[in-house]
Amino acid sequence: MVTPYIAKGLWRGELSYVKYFFERPVRNMLVLMLDWYIGVQSNFESNPGKLGKYYEQLLPPELWQKFVSTFPDADEANIWRSLYTMGELFRETAKVVSDHYGFTYNEGEDERVTAYLKHVQSLPRS
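Sequential numbering from -9 applies to the sequence shown in the working numbering.
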C-alpha cells in the first residue's frame, strides 16, 4: 500500500516523489483492478487493451469519467482530489471483483487508509 507515501509527499511538497508513486505503483494497481472489473463484467470476453486503451468503450460512463478525473496536473489540490477519486474507483470496482470471486473486500483497511490520507491532508505545514 503506497497511497500514504503520496500523502506524505504532498505534505512535504515533494512533487516529483508524489507524481512517481501516483503514476507508477498506484495507477498500475488501479489499471489492474479495472482490467479485472472489465473481465468479470464481460466474462473475460472483452480486452481492455494495454494500459486501458479501450476503457472508454468498455467501462460504464460514470466509471470512465471517474477514471479520467484521476489524471491531475501538478496542482496540489487537484492531486488530492484525484487521489481520493482513484480510491473511490478502486473501491467500487474491487468490491464487484471480490464479490464475483467470493472474496471479502477489506473495508476496514480501506477506511483506515482513507482516514490517514485525510489526517495528513489536514496537518499544518511548517
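Glycine included, every Cβ here is placed at the ideal spot set by N, Cα and C.
- Exposure of T94 is indicated by the presence of fewer than 16 other C-beta atoms within 10 angstroms of its C-beta.
- In the same chain as F80, and ignoring 5 residues on each side of it, the C-beta atoms closer than 8 Å to its own belong to M19, L20 and M23, in chain order.
- Counting only residues of its own chain and dropping the five nearest sequence neighbours on each side, M(-9) has a CB closer than 7 Å to the CB of V103.
- For D89, the enclosing alpha helix (DSSP H) has its first and last residue at E66 to Y91.
- In this structure, R14 is the residue among L5, R14, Q111 and E82 with its C-alpha nearest to the C-alpha of L41.
- Judged by DSSP secondary structure, D63 falls outside any alpha helix (DSSP H); it is assigned neither H nor E.
- Annotation for T104: the continuous alpha helix (DSSP H) segment containing it runs E97 to S112.
- Put simply, the backbone Cα of A105 is about 32 Å away from that of L48.
- The Cβ atoms of L107 and F12 do not sit closer than 8 Å to each other.
- C-alpha of S112 to C-alpha of S59: approximately 22 Å in a straight line.
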